[in-house]
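Number of protein chains: 10
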Amino acid sequence: MSTPTITEKLLTAKKAKGITFADLEKLLQRDEVWIAAVFYRQASASHEEARKIVSILGLEAELAESLIECPLKGSLEQTIPTDPLIYRFYEIMQVYGMPIKAIIHEKFGDGIMSAIDFTLDIEKEEDPKGDRVKIIMSGKFLPYKKW
Amino acid sequence: MSTPTITEKLLTAKKAKGITFADLEKLLQRDEVWIAAVFYRQASASHEEARKIVSILGLEAELAESLIECPLKGSLEQTIPTDPLIYRFYEIMQVYGMPIKAIIHEKFGDGIMSAIDFTLDIEKEEDPKGDRVKIIMSGKFLPYKKW
Amino acid sequence: MSTPTITEKLLTAKKAKGITFADLEKLLQRDEVWIAAVFYRQASASHEEARKIVSILGLEAELAESLIECPLKGSLEQTIPTDPLIYRFYEIMQVYGMPIKAIIHEKFGDGIMSAIDFTLDIEKEEDPKGDRVKIIMSGKFLPYKKW
Amino acid sequence: MSTPTITEKLLTAKKAKGITFADLEKLLQRDEVWIAAVFYRQASASHEEARKIVSILGLEAELAESLIECPLKGSLEQTIPTDPLIYRFYEIMQVYGMPIKAIIHEKFGDGIMSAIDFTLDIEKEEDPKGDRVKIIMSGKFLPYKKW
Amino acid sequence: MSTPTITEKLLTAKKAKGITFADLEKLLQRDEVWIAAVFYRQASASHEEARKIVSILGLEAELAESLIECPLKGSLEQTIPTDPLIYRFYEIMQVYGMPIKAIIHEKFGDGIMSAIDFTLDIEKEEDPKGDRVKIIMSGKFLPYKKW
Amino acid sequence: MSTPTITEKLLTAKKAKGITFADLEKLLQRDEVWIAAVFYRQASASHEEARKIVSILGLEAELAESLIECPLKGSLEQTIPTDPLIYRFYEIMQVYGMPIKAIIHEKFGDGIMSAIDFTLDIEKEEDPKGDRVKIIMSGKFLPYKKW
Amino acid sequence: MSTPTITEKLLTAKKAKGITFADLEKLLQRDEVWIAAVFYRQASASHEEARKIVSILGLEAELAESLIECPLKGSLEQTIPTDPLIYRFYEIMQVYGMPIKAIIHEKFGDGIMSAIDFTLDIEKEEDPKGDRVKIIMSGKFLPYKKW
Amino acid sequence: MSTPTITEKLLTAKKAKGITFADLEKLLQRDEVWIAAVFYRQASASHEEARKIVSILGLEAELAESLIECPLKGSLEQTIPTDPLIYRFYEIMQVYGMPIKAIIHEKFGDGIMSAIDFTLDIEKEEDPKGDRVKIIMSGKFLPYKKW
Amino acid sequence: MSTPTITEKLLTAKKAKGITFADLEKLLQRDEVWIAAVFYRQASASHEEARKIVSILGLEAELAESLIECPLKGSLEQTIPTDPLIYRFYEIMQVYGMPIKAIIHEKFGDGIMSAIDFTLDIEKEEDPKGDRVKIIMSGKFLPYKKW
Amino acid sequence: MSTPTITEKLLTAKKAKGITFADLEKLLQRDEVWIAAVFYRQASASHEEARKIVSILGLEAELAESLIECPLKGSLEQTIPTDPLIYRFYEIMQVYGMPIKAIIHEKFGDGIMSAIDFTLDIEKEEDPKGDRVKIIMSGKFLPYKKW
């Protein structure tokens, strides 16, 4: 089954059942962002997790198989994404990329923040001047190896 | 004066004085990421802030002028940046971009996280299994206007 | 249902009924440009609006569902669009982009014109030397936040 | 003299004299956007206009020559501009490009809005919820010729 | 109906009937290049013209509808076209583009040759050393407006 | 000497002397477009022609050498040129490229119009509704060889 | 019929019959490279040649029609081809392109080698140290026309 | 010394001395194409060869050093070269690339023609209908290894 | 049969049978990486090898045919691949590409490492601090030929 | 000091002293590939290492400073590198990228090979049929975190 087909099946069932990602977070004891990443085939679930997702959504058991495989990752089709919500993160890196690099090197030395040993949370901050989106990333610092 | 020249002057003076961005944060009462953004000419300082930066670094007063102007923004030369530290953020969006979009729409409706009414902090989380880089973004949610 | 399919269904029904976007503007009490944006799945309608559009066009009620979802935005396939009417706006930015930036900064300071808290109107100006297309954009000015 | 050199000379002199584009609009009886376009060498001035600009800014008379020539136009270096203020106009076309095309064709038939027989004005709309940038474009409609 | 489908239907019928574009020129009293542009959905016909084309080619009357609509223009898929016949015109602009610009500015001042109020003819010049292709373009000169 | 330096020297001298390309056409007995192509180093002159150009413009004799060499051709820096006058020719090919191919094949068979055994003339057509730019291209038809 | 469909039909039939391009060269009295170019729809056959190819391969007579039409040429999908065999020719031009240009200009003057009045042969040179591929290209020299 | 500087020094000296690549072929006992490749720093000479080239052209002995180093290869700046002479080779591969691949596989099996164990010769074939450029490439066939 | 179809058939059968590439390595006496390359149609098998693969996986005998043909190579769709596992190899070349070139030239002289007479092995190194992926490439050194 | 300037200084001094990277490996007790990476500013040395390199090469002490800083990484200018030696590694990934992904996932599960906790060695394997380049990469396996 192709990745877009799997994603569409999951999203359609989720909508039909009226379940939110926040509901799934409680049922699966996994963060909603990670669960959404499984939906878009950017993360691979365990047998147990796959079985649960499929059963909660009332989908055929065979679909669980597809959620276990190591996916070919990359969920955006375009080099520069056109969707305004997603583009803002690219703009943030254009504007704050070099400053972030400077600060991380000053705090940690030569290396990178891992995007694999990594978590990402999204919170809604209520604010009378307009609610705010809060995004918290946490990645292990990996120092460059010398040999 | 060209942007790279200004940036180099500031970084060289900062290094010679042995001052860190964390020191500047205390002296200027502004976040270190924002100050680094001024260094890379991605943010514009007030007259007072510019004067202070230049004086702390022992640079000529005229340089302050350049830090006040509205810059032409974009600190990365390449479409897909080659530096591994910066690239990881592009990879994060390739992998988690669509999941982030799905979660934000579920929590807030149709709109975006502002990259203008926006702050970004970097913290070092000590961890026996390897320190972690924590990045906190906070942007106002802007709902699409109908008319 | 894919975005092009939805758009085609709506456009075909609109043509068959002989309804113009100007007619829809009156019936829906929303600007014709915004309504066309809903047709091209660049804007999301409320339940009420979606129901009305579908009913005016005599289409199946289920289609309304698709008009409510937050769409993946971006209606042009190519990096540099080939259609002459659309390309002219790219040319306008190539020629007047930097001047516009200079004028906005002079009038407002460092920040941007929002493309989210934003409206766009198109008017026909009759002129004996040839009618003119008038386009009025209005976007909230967003000053860069310091932190 | 290269285009960036001319632009920089004009902008530096304008800043030193403390003159705004709005001042130049009054002195030259030309719109400030068009004058900024001359500064960025996207428009060519008449002998009289060039002489006046140079004299107001206290620059050498020879510079006037450079403002009269037909320039090689295009003020943005990158295919997709990284500056957030300018990028928003590209985003507007990604989101509203096809809707604009649909409305113009409905109102005028097959043709385009001229970007040559064209004017662009920028106004500041004061608003208690945040000032707004208003941009008014007016271009002659050019119908496709048949032959 | 998609653009390639319309084009293929028209070309197949034209071939089956053994009609040339030159024949259509006589029957429609429109230039053969313009008629070919209608076939490739780069130009929109009037009701009368569409009806005639469809009837001459013996195609279903409904097809005429598709020839009247304002098309999304651009008949070449690639940025740099690979077909040698079409590429030669790109090469001509690479080699003679700046010279053409210089000559037009010298003869007309700052402005452009319209590609909308525009005609293009192709003639065969018999020549004992090898026949020649003659292409005559005629476009209205549009001077840049000042405001 | 680099190509832009040669071109600038020639254009500056031509302007200082008040000579037009039309004047040079008469003096050199070569078409003004071809002469402009020599100025932009897209065509190579004979010793005699190079000597004449340099002498008419009152430039140093050594410059003539540079006009004789076979140049590395291509006068436009960008893949898609941003200058509106030059871009129109790209648009013409986007819109009329496939129709032109269809007509040439119908008249001549499989082959191309040569861009080497090729001439291009530009004429000004006076017209009360606005002067027109007329461009006449003539290229030898080259049939594909079979072997 | 689409170009890939035609090509696949021809290649499948050729394989089923166990016929090589070398066999076809003898049967058609045309070079095997040119015949392969007809298979990939990069060259157009005469009625007689098309009929023969189709009959030798035991395919339906109507297919012959498709081999006669002037094709839209360009057999490689990617700007930089990924197939190692084809890429080597791009590498040869990256490494030897400027040297080839220098030698041809020295031998012939300003002009090009035609890719239309052109033949290409491939021979196998047996060699104890490893067989060699020999490719012989022959194209008419076309001198640039002056006018 | 940068690659363009070395190349220009060599070409200028060669022109001043009135020496052709054909002359150098005789003096160095190496093919003229290979020698031109050394000039453009696409091939590395031995100490002896470098010394000879420099001495024949009357250049400083130190330049010889630069001709011995392994160069960073690739003599064309653009992805798709704009020079018509060089472009024709790209067009040849667009048109005949797949046919060449088919023929080589039929004659040799799965593998490639080496671009390293490779020679290229250019000959002038006199022809009353117009001289022809003959290019002979010879590369070792390298079969894919299995392991 | 298209390449993705063949690959999917093979992978699905392999999964259904519960066979690993390591199992196939033992059964076929070929390296698992090479076998995976056959699955992705990047390498061509012998008749014997193809027959065995198809029979082990319990697939139809005709599929063996497709594994013997010389494939059009290149298994990654994007210029810069988005999958993090594959991208790391691109990053390795961005960071260590020039150093590798310097070391190979120092050890071997001017030439390349063959990617055809080439093998690649992947081993798992158990390590208490985290297992390591070991990749061993071995390619014949090919010195540049002079002629 | 710019990166290319630093690299050139180091390479020139190394050549003048007649020192190889293999010599530096012994003197510094670091692998030659890592040392070459420091030369190309892709890796940062410790104070001690930088001091040693500069002193062995007889360069000014201040240069050591530049070798300690965290560099902006990426040593190849082009998206697709044109140098044949470097390109082969891109080709290896085009051909073996998906097979490598399949094997690593089979052996390790979902995750990547680190390019940071990573070493790379180059060895010369003498072979009577032609010496071979052996490249050994070793990177820590990083499993995707769930959260």
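Protein chains in written order, with my numbering: chain A, 1 to 147; chain Y, 1001 to 1147; chain L, 2001 to 2147; chain H, 3001 to 3147; chain S, 4001 to 4147; chain X, 5001 to 5147; chain W, 6001 to 6147; chain D, 7001 to 7147; chain G, 8001 to 8147; chain Z, 9001 to 9147. Even glycine gets a Cβ: it sits at the ideal position worked out from N, Cα and C. In this text the structure is predicted, and so the values were computed from the model without any measurement.
Not flagged as an interface residue toward chain W: D:Ile7006, since no C-beta distance is shorter than 8 Å.
Interface annotation, Y:Ile1122: not in contact with chain H, CB-CB separation never under 8 Å.
Scanning its chain for C-beta atoms nearer than 6 Å, with the 5 sequence neighbours on each side dropped, one finds around G:Glu8123 the residues Lys8134, in chain order. In its chain, beyond the 5 residues on either side, no residue has a beta carbon closer than 6 Å to the beta carbon of S:Thr4020. Close to chain A, meaning a Cβ-Cβ distance shorter than 7 Å, are the following residues of the region 8061-8088 of chain G: Thr8082, Asp8083, Pro8084. Counted as a single uninterrupted DSSP element, the stretch harbouring A:Leu10 is not any beta strand (DSSP E) but the alpha helix (DSSP H) occupying residues 3-17. Chain A places a beta carbon closer than 8 Å to that of Y:Gly1130, counting this residue as a contact.
Sixteen is the threshold: since fewer than 16 other Cβ atoms of the shown chains lie within 10 Å of the Cβ of G:Ala8061, the residue is exposed.
Around the C-beta of X:Thr5005, fewer than 16 other C-beta atoms lie within 10 Å, and the residue is accordingly described as exposed.
A:Lys129 is classed as exposed because its beta carbon has fewer than 16 other beta carbons within 10 Å across all chains shown. Under the 8 Å Cβ criterion, the region 1083-1092 of chain Y counts as touching the region 9059-9076 of chain Z, having at least three qualifying pairs. If you compare the alpha carbons of S:Ile4092, S:Trp4147, S:Ser4138, S:Arg4132 with that of H:Asp3117, the shortest gap goes to S:Trp4147. In the three-state scheme derived from DSSP, where H, G and I count as helix and E and B as strand, H:Pro3084 is classed as helix. Proximity to G:Gly8097 across Z:Arg9030, Z:Leu9142, Z:Ile9080 peaks at Z:Ile9080, based on C-alpha coordinates. Of all residues in the region 5132-5147 of chain X, those with a C-beta nearer than 7 Å to a C-beta of chain S are Arg5132, Val5133, Lys5134, Ile5135, Ile5136, Met5137, Ser5138, Gly5139, Lys5140, Phe5141, reading in chain order.
Cβ proximity to chain Z below 8 Å picks out Glu6091, Gln6094, Val6095 from the region 6090-6121 of chain W.
The three-state reading of DSSP puts D:Ala7045 in coil, since its state is none of H, G, I, E or B. Interface criterion not met: the Cβ of D:Asp7023 is under 8 Å from no Cβ in chain G.
Burial check for Y:Gly1018: the Cβ neighbour count within 10 Å stays below 16, so the residue is exposed. Among the residues of chain A, those whose CB is under 8 Å from the CB of Y:Val1033 are Tyr96, Pro99, Ile100, Ile103, following chain order.
With fewer than three CB-CB distances shorter than 8 Å, the region 7040-7054 of chain D does not count as touching the region 5027-5034 of chain X. One thing to note: X:Ile5103 has its Cβ no nearer than 8 Å to the Cβ of X:Met5113.
Positions of the beta strand (DSSP E) runs, each at least 3 residues long and wholly inside the region 7112-7145 of chain D, are given as 7132-7143 in order along the chain. Bounds of the alpha helix (DSSP H) holding A:Ser66 are 63-68. Bounds of the alpha helix (DSSP H) holding A:Trp34 are 32-39. The DSSP-derived three-state label of X:Glu5106 is helix. Apart from the 5 residues on each side of it in sequence, H:Leu3059 sits with its Cβ closer than 7 Å to the Cβ of Lys3009, Ala3013 in its chain, given in chain order.
When the five nearest sequence neighbours on each side are left out, the beta carbons in the same chain lying within less than 7 Å of the beta carbon of Y:Lys1140 are those of Ser1114, Asp1117, in order along the chain. Looking at the backbone, the Cα of G:Gly8111 and that of Y:Asp1121 are separated by about 49 Å.
When DSSP states are grouped into helix, strand and coil, L:Leu2076 belongs to the coil group. Only exposed fits Z:Lys9026, as fewer than 16 other CB atoms lie within 10 angstroms of its CB. Distances from the alpha-carbon of W:Lys6101 to those of D:Glu7069, D:Thr7082, D:Lys7145 put D:Thr7082 closest.
Within 7 Å of the CB of H:Ala3036, the CB atoms of chain L belong to Pro2099, Ala2102, Ile2103, in sequence order along the chain.
Around the CB of S:Ser4138, 16 or more other CB atoms lie within 10 Å, so the residue is classed as buried. Residues of the same chain with a CB within less than 7 Å of the CB of X:Phe5039, apart from the 5 flanking positions on each side, are Thr5007, Leu5010, Leu5011 in chain order.
At a cut-off of 8 Å, the C-beta of H:Gln3042 has a neighbouring C-beta in chain L.
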